[in-house]
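J.: Have a look at this one.
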Amino acid sequence: MSQIHARLAGVTRVFPGSAGHGDVHALGPVDLDLARGEFFSVVGPSGCGKSTLLEVLAGLQTPTQGAAAFEDKPIGAETPEGVGVVFQEDSSFPWLTVWDNVAFGLKRTALSGAEIETRVRDALAFMGLKDFHKAFPAQLSGGMRQRVCIARTLVLRPRLILLDEPFGALDQQTRLLMGDELLRLWRETGATVLLITHALDEAAMLSTRVGVMSSRPGRFIDLVETGWPRDRDSRIVADPAFGAVTARLWSNLRGESLKAMGHA
Amino acid sequence: MTRAGAWRLGLLAGFALALELATRTGAISHTILIPPSAMLARLAGIVAEGQLVDDIAFTLLSVLTAFALAVSTGFLAGIGIHALPRLRRALDPFFATYYAVPFFVFYPVMIAIFGLSKLPVIAIAYLFAVVAMIVNTLNGLDRIPRVLAKVARVHRLSWADAAWNVKLPAAAPNLFTGIKLAIAYAFIGTIASEFIMATSGLGYSIAYAYNNFDNRTMYALMLFVVALVGAINLGLYEWEKRLMKRRTGR
Ligand SMILES: Nc1ncnc2c1ncn2[C@@H]1O[C@H](COP(=O)(O)OP(=O)(O)OP(=O)(O)O)[C@@H](O)[C@H]1O
Ligand SMILES: [Mg+2]
Chain A
1 MSQIHARLAG VTRVFPGSAG HGDVHALGPV DLDLARGEFF SVVGPSGCGK
51 STLLEVLAGL QTPTQGAAAF EDKPIGAETP EGVGVVFQED SSFPWLTVWD
101 NVAFGLKRTA LSGAEIETRV RDALAFMGLK DFHKAFPAQL SGGMRQRVCI
151 ARTLVLRPRL ILLDEPFGAL DQQTRLLMGD ELLRLWRETG ATVLLITHAL
201 DEAAMLSTRV GVMSSRPGRF IDLVETGWPR DRDSRIVADP AFGAVTARLW
251 SNLRGESLKA MGHA
Chain B
1 MTRAGAWRLG LLAGFALALE LATRTGAISH TILIPPSAML ARLAGIVAEG
51 QLVDDIAFTL LSVLTAFALA VSTGFLAGIG IHALPRLRRA LDPFFATYYA
101 VPFFVFYPVM IAIFGLSKLP VIAIAYLFAV VAMIVNTLNG LDRIPRVLAK
151 VARVHRLSWA DAAWNVKLPA AAPNLFTGIK LAIAYAFIGT IASEFIMATS
201 GLGYSIAYAY NNFDNRTMYA LMLFVVALVG AINLGLYEWE KRLMKRRTGR
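Chains A and B, in that order, are what the protein sequence lines are.
Residues in the first sequence are numbered from 1 upward in steps of one, following the numbering used here.
Residues in the second sequence are numbered from 1 upward in steps of one, following the numbering used here.
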């Protein structure tokens, strides 16, 4: 079994232009090796191609150039088995209850009804949604809806979890606690995680490694190893090294963010 | 009952009572309008004697046929047109102006094609209803959030599974609108056509009663049509409200 769990090699994505607009070079070329079981975060200015990168790994977009692979098999035009995705936008099904939303993928597996029930119940408890299993998404806050989507992905126990700003709709306190829960889950399942975030402290606190992307077309301009112990949690923010990591991320990102805003 | 419901019922009852008084006191002449109680009595008579049961059945069958055809073919046509953007761009102006055409002017054509049977009635009712279903199917398909289609893909759903369990429910609110309009238009198309080109049916019987100065039967049948269509649409409205309540939380 190779230590490299997922790989991007020279991946470029260009969106063909429409009438009056030229092509949009959204991403790359990007090279990236995700080690099995690592927690990798991506930070980068708005519009730099982060979601595009995630969708290439998810098999939702084919690279214009280069290739992507998961568990040594090329990623084609469909999502490989074992990959779970949480999208940036709210993607809960408004016509299903919270329970049925979370069970959506499980019902399509060969698992027994009892096993499905256990997994859904555990996931709801884990996400703080226990009392809302009968509610419809419209009755929940944006942050709770996003947790439903996270639960829907996690119950399938993916080996590679792709998360696109999953905590964007949460307040800072909940965000830190959810980060802890995510770390616990990551430790327990041994899954590989790729997390896109715009919060530098979140990236610094959770990750084994953080990739800093340039403004569009996004490329990695820095890869920062955090060196945290495996059984860390949000209290790491008190560690002096935490400040150093965050500072390094920001010094890289500041110029790129200015560029993305057209100020450079 | 809700407060609004009580108000609604009160308004209806008040209106009926006002009509009753106005006709009983002679403020409105009986040659123009008969008292609602007389309409009801006549309607009860019609129902009890089993008269017009055939007409009612005949009309409802035409409405149902036109409605079922309009919803099924309109839905399929909507899916087909949605998949062909070029065709859609060509058709859009026609859809937009379709309901500006006074359909009933085509009745001689329909009779020439189908003869004097219930077919021309069904054809007009169908043509009247089908475009509403097509347009609302297109709207529904347009409004499926792209991210939900992506969720279907990352869950590796089969084409049929994704269509049935993600796309259809996501488009459901618009499809429901299409169905509601189709049933209303099927009724209008059927009864209006029966006035001009049928030899039986509710519309025909109303026209027949009118031509024979049988005001009581005419009004009794009108009341029946209004009550029937009102009840069907109220039922649909309540059902839709209940469905949407979950989705919107309101
Ligand atoms: N389907 C598409 N067609 C054309 N251009 C696209 C498409 N999807 C994305 N883009 C463009 O590609 C670029 C990168 O988009 P992407 O969504 O990957 O950025 P992002 O880093 O995720 O941004 P954000 O931080 O705002 O989520 C943007 O300029 C965007 O406008
Ligand atoms: Mg994005």
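Backbone N, C-alpha and C fix where the C-beta goes; we use that ideal spot for every residue, glycine too.
When you compare only the Cα positions, how much space is there between B/L43 and B/I111?
T.: Residue numbering aside, residue 43 of chain B sits at position 43 when the second sequence is read from its first letter. Residue numbering aside, residue 111 of chain B sits at position 111 when the second sequence is read from its first letter. Their Cα atoms are separated by approximately 32 angstroms.
J.: Cβ-heavy atom distance between A/A26 and ligand 1 below 6 angstroms?
T.: Residue 26 of chain A sits at position 26 when you count from the first residue of the first sequence. Checking every heavy atom of ligand 1 against the Cβ of A/A26, one is found closer than 6 angstroms.
J.: In three-state terms, what does DSSP make of B/A167?
T.: Here residue 167 of chain B refers to the residue found at position 167 of the second sequence. For the record, residue 167 of chain B in the displayed sequence is Lys; it is not Ala. The answer is helix: DSSP assigns B/K167 an H, G or I state.
J.: Find the residues of chain B that neighbour A/F15, judging by a C-beta separation of less than 9 angstroms, and give them in chain order.
T.: Along the first sequence, one-based indexing puts residue 15 of chain A at 15. The contacting residues do not exist; A/F15 stays about 14 angstroms from chain B at best.
J.: Are B/G189 and B/F128 closer than 7 angstroms when you measure CB to CB?
T.: The count along the second sequence starts at 1 and reaches residue 189 of chain B at position 189. The count along the second sequence starts at 1 and reaches residue 128 of chain B at position 128. It is a contact, given that the beta carbons lie within the stated cut-off.
J.: Indicate, with yes or no, if ligand 2 has a heavy atom lying under 6 angstroms from the CB of A/Q88.
T.: Within the first sequence, residue 88 of chain A is the residue found at index 88, counting from 1. At least one heavy atom of ligand 2 is nearer than 6 angstroms to the Cβ of A/Q88, so yes.
J.: Is any heavy atom of ligand 1 found at a distance shorter than 6 angstroms from the C-beta of A/K50?
T.: Mapped onto the first sequence, residue 50 of chain A falls at position 50. True, at least one ligand heavy atom lies under 6 angstroms from that Cβ.
J.: Does the beta carbon of A/L8 come closer than 7 angstroms to any beta carbon on chain B?
T.: By one-based count along the first sequence, residue 8 of chain A stands at place 8. So no, A/L8 is outside the interface.
J.: Assuming A/G128 and A/R147 make a contact with CB atoms under 8 angstroms, what is their CB distance in whole Å?
T.: Translated into the one-based positions of the first sequence, residue 128 of chain A becomes position 128. Translated into the one-based positions of the first sequence, residue 147 of chain A becomes position 147. That belief holds up - the Cβ atoms of A/G128 and A/R147 are roughly 7 angstroms apart, short of 8 angstroms.
J.: Would B/R89 pass as an interface residue toward chain A - the criterion being a Cβ-Cβ separation below 7 angstroms?
T.: For the purposes of this step, residue 89 of chain B is taken as residue 89 along the second sequence, with counting starting at 1. No, B/R89 does not count as interfacial toward chain A.
J.: B/K150 touches chain A at which residues, Cβ-Cβ below 7 angstroms?
T.: Stepping through the second sequence from its first residue, residue 150 of chain B is reached at position 150. Result: L60 and F87.
J.: Please give me, in chain order, every unbroken run of the alpha helix (DSSP H) with length at least 4 that falls completely inside the stretch 131-155 of chain B.
T.: Runs of the alpha helix (DSSP H) inside the stretch 131-155 of chain B: 146-154.
J.: Closest to A/D33 by CA distance: which of A/L27, A/G59, A/E71 and A/T109 is it?
T.: The count along the first sequence starts at 1 and reaches residue 33 of chain A at position 33. When each option's Cα is compared against that of A/D33, the closest is A/E71.
J.: Leaving aside the five residues before and after B/T73 along the sequence, list all residues of the same chain whose C-beta is less than 7 angstroms from its C-beta, in chain order.
T.: Translated into positions along the second sequence, residue 73 of chain B becomes position 73. V130, listed in sequence order.
J.: In three-state DSSP terms, what is A/L111?
T.: Taking the first residue of the first sequence as 1, we reach residue 111 of chain A at position 111. Correct three-state label for A/L111: coil.
J.: Do B/Y185 and B/A123 come within 7 angstroms of each other at the CB atom, strictly closer than that value?
T.: Your numbering for residue 123 of chain B matches position 123 in the second sequence. Your numbering for residue 185 of chain B matches position 185 in the second sequence. The answer is no: Cβ separation not under 7 angstroms.
J.: State the DSSP-derived secondary structure class of A/F40, mapped to helix, strand or coil.
T.: Mapped onto the first sequence, residue 40 of chain A falls at position 40. Strand, per DSSP.
J.: Mark B/I101 as exposed unless 16 or more other C-beta atoms lie within 10 angstroms of its C-beta, in which case mark it buried.
T.: Position 101 of the second sequence, counted from the start, is the residue given in the question as residue 101 of chain B. Note on residue identity: the sequence assigns Val, not Ile, to residue 101 of chain B. Answer is exposed; the Cβ neighbour count stays below 16.
J.: Is it the case that the Cβ atoms of A/G179 and A/S92 are separated by a distance below 7 angstroms?
T.: The residue you call residue 179 of chain A lines up with position 179 of the first sequence. The residue you call residue 92 of chain A lines up with position 92 of the first sequence. The answer is no: Cβ separation not under 7 angstroms.
J.: On the three-state DSSP scale, how would you describe A/F136?
T.: Position 136 of the first sequence, counting from 1, holds the residue named residue 136 of chain A. Looking at A/F136 - three-state DSSP - the assignment turns out to be coil, as it is neither helix nor strand.
J.: At a cut of 8 angstroms, does the stretch 150-170 of chain A reach the stretch 96-106 of chain A through at least three beta carbon pairs?
T.: They touch, by the three-pair rule.
J.: Can you look up B/E238 in the DSSP assignment and give me helix, strand or coil?
T.: Start at 1 with the first residue of the second sequence, and residue 238 of chain B comes out as number 238. Helix, per DSSP.
J.: Can you tell me the Cα-Cα spacing of B/A83 and B/R89, whole angstroms?
T.: Here residue 83 of chain B refers to the residue found at position 83 of the second sequence. Here residue 89 of chain B refers to the residue found at position 89 of the second sequence. Those two C-alpha atoms are separated by around 12 angstroms.
J.: Work out the CA separation of A/F126 and A/I116 for me, nearest whole Å.
T.: Numbered from 1 along the first sequence, position 116 holds the residue referred to as residue 116 of chain A. Numbered from 1 along the first sequence, position 126 holds the residue referred to as residue 126 of chain A. So the two alpha carbons sit approximately 15 angstroms from each other.
J.: Should A/D171 be labelled buried (16 or more other beta-carbon atoms within 10 Å of its own) or exposed?
T.: Along the first sequence, read from residue 1 onward, the residue named residue 171 of chain A stands at position 171. So A/D171 counts as exposed.
J.: Below 8 angstroms, how does it come out for the stretch 56-76 of chain A and the stretch 3-16 of chain A: are there three or more Cβ pairs, yes or no?
T.: These segments touch.
J.: If you reduce the DSSP assignment to three classes, tell me which class B/E20 lands in.
T.: Counting from one through the second sequence, the residue named residue 20 of chain B turns up at place 20. Helix, per DSSP.
J.: Please confirm whether B/G140 and B/L91 have their CB atoms less than 7 angstroms apart.
T.: For the purposes of this step, residue 140 of chain B is taken as the residue at position 140 of the second sequence. For the purposes of this step, residue 91 of chain B is taken as the residue at position 91 of the second sequence. No, they are not a contact pair.
J.: So within the stretch 15-96 of chain A, which uninterrupted beta strand (DSSP E) runs reach at least 3 residues, ignoring any that extend past its ends?
T.: Complete beta strand (DSSP E) runs here, min 3: 24-35, 39-43, 65-70 and 83-86.
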